[in-house]
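See below for the structure under consideration.
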Amino acid sequence: MKQRNHSSKSRLFIVCHVKKPDLINMARRPCPTIFTSGTHNSSAKKGKYIKCCDYSALVDKSDSAKTHLSGLSQNETDWTELPSLALLLIFKHLTLYERARAAQVCCSWQKIYHMPQLWQSFDFVIAHPQWSSLQPTPPALIHYILKHHAQHLRFVTFKVDSCRESAETACQILSQLVHCSLKTLQLMSSAKPSFLQLDPSQFVSALTLVIDKCHSLSSLAIEETPVDDPSLQLLATNSSNSLEFLEMKSCPRVSARGIQAVADHCHRLCELSLNYHLLNDDLLLALSTEEHAILKFLRVEISSEEDVQALSVHHIAPESWEGLINHSPAMALVMYVFVSQDDNLGEFFGSIIPVTHLYFGNHMPKVTLGKVAQNCPRLTELVINSNGNSLIDNEIVAVAKNCKKLSSLGLGISELSCSALVQLAKICGPRLKELYVMEESLVEDEHYDITHAAAEISRCIGQDWGPDVMPVW
Numbered sequence: 001m002k003q004r005n006h007s008s009k010s011r012l013f014i015v016c017h018v019k020k021p022d023l024i025n026m027a028r029r030p031c032p033t034i035f036t037s038g039t040h041n042s043s044a045k046k047g048k049y050i051k052c053c054d055y056s057a058l059v060d061k062s063d064s065a066k067t068h069l070s071g072l073s074q075n076e077t078d079w080t081e082l083p084s085l086a087l088l089l090i091f092k093h094l095t096l097y098e099r100a101r102a103a104q105v106c107c108s109w110q111k112i113y114h115m116p117q118l119w120q121s122f123d124f125v126i127a128h129p130q131w132s133s134l135q136p137t138p139p140a141l142i143h144y145i146l147k148h149h150a151q152h153l154r155f156v157t158f159k160v161d162s163c164r165e166s167a168e169t170a171c172q173i174l175s176q177l178v179h180c181s182l183k184t185l186q187l188m189s190s191a192k193p194s195f196l197q198l199d200p201s202q203f204v205s206a207l208t209l210v211i212d213k214c215h216s217l218s219s220l221a222i223e224e225t226p227v228d229d230p231s232l233q234l235l236a237t238n239s240s241n242s243l244e245f246l247e248m249k250s251c252p253r254v255s256a257r258g259i260q261a262v263a264d265h266c267h268r269l270c271e272l273s274l275n276y277h278l279l280n281d282d283l284l285l286a287l288s289t290e291e292h293a294i295l296k297f298l299r300v301e302i303s304s305e306e307d308v309q310a311l312s313v314h315h316i317a318p319e320s321w322e323g324l325i326n327h328s329p330a331m332a333l334v335m336y337v338f339v340s341q342d343d344n345l346g347e348f349f350g351s352i353i354p355v356t357h358l359y360f361g362n363h364m365p366k367v368t369l370g371k372v373a374q375n376c377p378r379l380t381e382l383v384i385n386s387n388g389n390s391l392i393d394n395e396i397v398a399v400a401k402n403c404k405k406l407s408s409l410g411l412g413i414s415e416l417s418c419s420a421l422v423q424l425a426k427i428c429g430p431r432l433k434e435l436y437v438m439e440e441s442l443v444e445d446e447h448y449d450i451t452h453a454a455a456e457i458s459r460c461i462g463q464d465w466g467p468d469v470m471p472v473w
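Taking UniProt numbering, the leading residue of the sequence shown gets 1, the next gets one more, and so forth.
Structural data, given as C-alpha cells:
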C-alpha cells in the first residue's frame, strides 16, 4: 500500500461504505478499506471518512511496536499487526456499526472487536419506528449483547418511547443485567411517561434485581417511573460507598423518606436532582454534615401538582440553606420553575434562597421577579420564558444591582425599555458574559433606540452585542 508522508506524524484513516451494515449479514458485506494520509485512490473516493487517529501518538506507548514498525519500509507496513493497545484506542473512537465493519479486516481486528473494554457502555433504544422518531436498537443486536457482553456492561442507558410495550421490553432487558457490575444507570422516556403505565411491581422487581447485585453504582438517573422508597433504601445500603449522582424526578411513589435514606447513607453523593416536594430541612441537614461529601450540584424542579402544593405548605428554613452553603460554599443550586401561581411563587421567593441558576419555563409574574432581585444574592444566571406585557425595567435593574455575580441573562416574551437594558449593562459590565433579549421585547425610548442601545451595551460588556430576532418562516 503506497503512502506519502506530509508530516512527521502518520495518520490512519478507516474508510467504510456509506451504507452501514447490520450485524446479522455482516459477513456478506465487503471489507473496509484502509489507507494513510496522502493516499488518493479510487476506492477511497467511494468510501466515507469515519475517524482520524494520531497513530504515532498511539504506538509511542509501545516500544516493541515502534521497533516492529521501524523495521518495515513504507510499502511494507502491515496494518493488520498494529499493537493491541493502538487498535483498542482506535476502535473506541468508532461507532458500533463502524467497529463491526472493521472487524472483518482480519482475525486480530476481530479479536479486538470482542474485547470487554469496548462493551462497557451501551444505549438501549426501545421504540416503535412507525410511532416514534427514535431509531430503535435492532432486536438481534440486543440479543447478541445480552448473550455475549452483558457481564461487561458498566454504563447503561434506556431510552423508551411512549408505548407501554416498549417499557415492558426495557424492564425485561433490565432484569437480565444482574450479572454485570453497573457504574451508571439511566432510564428515561422520550415523550409520555411509558414506565408509569406499567404495574409498579413489574418495574420495581426489575430495578431491585439490578440494584441488589450492583455494589458499586455511582450514578442513577430515573425520571417518571414507579420506583419506590424501598428501592432507594436498598440502593442506599448497597451503594453507600460509591453513589455520587442521583436524579429522581417525577416519580410519584418516592417520598422524602426515600431520598433521606440515600442522603443519610451515601456520604459520597455530590450531585442530587429532585422535585421540590421531596426537599425539606432534614434532607439539607443530612447533606450538611461533616462526614458528607462537598455537594457540587443541587437541582430542584418545581413542576408537578405536588410541587405546587408544597410551595404553599412548607418552606425551607433560611438556617437550613445557610448550613448547606457553609458546608458546600461552591455548590450550584439550580432551579427549574414550570408553574406560574403568583401567590405561591411570591411567597416562595419571599425569603433568602441561595439559588445560582434560575429558569422560568412558563410565565413569571412581575412581583416574583422583584422578590428574586431582593432574595437571591448568589444568582449567576437568570432565564425567563415570558413575563407578559408590562415593563419590567425596575425589576431587571434591581436584579443587576443586588445579584453581584450575575453573568448570564435571557429574556423571552417580555417588555423592557432600551434604557433599562443599557443601565443593566453598565451595572454588570464585563462580567455579563451572556445576554439574550428578543428584539421584539425591547421598547425604544427618548434616550435610546435599538441600534444605539446595542452599541452602548457592546461598549459596556466588552464584546459585540445585538438583540436576537424572531425567525420568520
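For glycine and all other residues, C-beta sits at the position ideal for the given N, C-alpha and C.
Burial state of residue i, where buried means 16 or more other Cβ atoms lie within 10 Å
i	result
Ala286	buried
Pro129	exposed
Glu319	exposed
Trp119	buried
Gly388	exposed
Arg459	exposed
Gly258	buried
Ser395	Here residue 395 turns out to be Glu, not Ser, going by the sequence shown. By the 10 Å Cβ count, Glu395 comes out buried.
Gly412	buried
Glu446	exposed
Val469	exposed
Trp109	buried
Pro193	buried
Cys52	A caution first: Cys52 carries a pLDDT of 36, below 50, which makes its placement in the model unreliable, though a value can still be read off. The residue in question, Cys52, is exposed, as its Cβ has fewer than 16 Cβ neighbours within 10 Å.
As assigned by DSSP and simplified to three states, the class of residue i
i	result
His148	helix
Asp464	coil
Ala27	With a pLDDT of 34 at Ala27, under the threshold of 50, the modelled position of that residue is not reliable, and the figure given next carries that caveat. The answer is helix: DSSP assigns Ala27 an H, G or I state.
Asn280	coil
Glu319	helix
Ile396	helix
Leu406	coil
Phe349	coil
Val422	helix
Val313	helix
Val308	helix
Glu434	strand
Val443	strand
Leu369	helix
His212	One detail in the question is off: residue 212 reads as Asp in this sequence, not His. Asp212: helix per DSSP, three-state reduction.
Gln233	helix
Arg378	coil
Leu87	helix
Ser328	coil
Ser132	coil
His452	helix
Gln110	helix
Glu98	helix
Leu82	coil
For residue i, the residue or residues it bridges with in DSSP
i	result
Ile413	Ser386
Phe360	Val337, Ile384
Glu115	The sequence given here has Met at residue 115, not Glu. Answer is none; Met115 lacks a bridge partner.
Leu298	Leu272, Leu333
Asp123	Thr157
Ser219	Thr184, Phe245
Leu391	Glu415
Contact under 8 angstroms by Cβ, residue i with residue j
i	j	result
Gly462	Tyr436	no
Arg253	Pro200	yes
Val399	Leu416	no
Cys270	Ile294	yes
Ile384	Leu421	no
Lys296	Ala261	no
Cys376	Val397	no
Gln176	Leu146	yes
Ala256	Leu278	yes
Val334	Ser303	no
Arg164	Leu182	no
Pro136	Ile126	yes
Glu301	Asn275	yes
Leu382	Pro365	no
Leu187	Phe195	yes
Phe203	Phe158	no
Pro372	Leu358	The question names Pro, but residue 372 is Val in the sequence shown. It is a contact, given that the beta carbons lie within the stated cut-off.
Glu224	Ser250	yes
Ala168	Leu134	In the sequence under discussion, the amino acid at residue 168 is Glu, which differs from the Ala named in the question. Contact: no.
Lys405	Ile427	no
Which whole runs of the beta strand (DSSP E) in the region 142-208 are 3 residues long or more, in chain order? 155-160, 184-189
As an exercise, report each continuous alpha helix (DSSP H) stretch of at least 4 residues that is fully enclosed by the region 240-267, in chain order. As far as the region 240-267 is concerned, its whole alpha helix (DSSP H) runs of at least 4 residues are 256-265.
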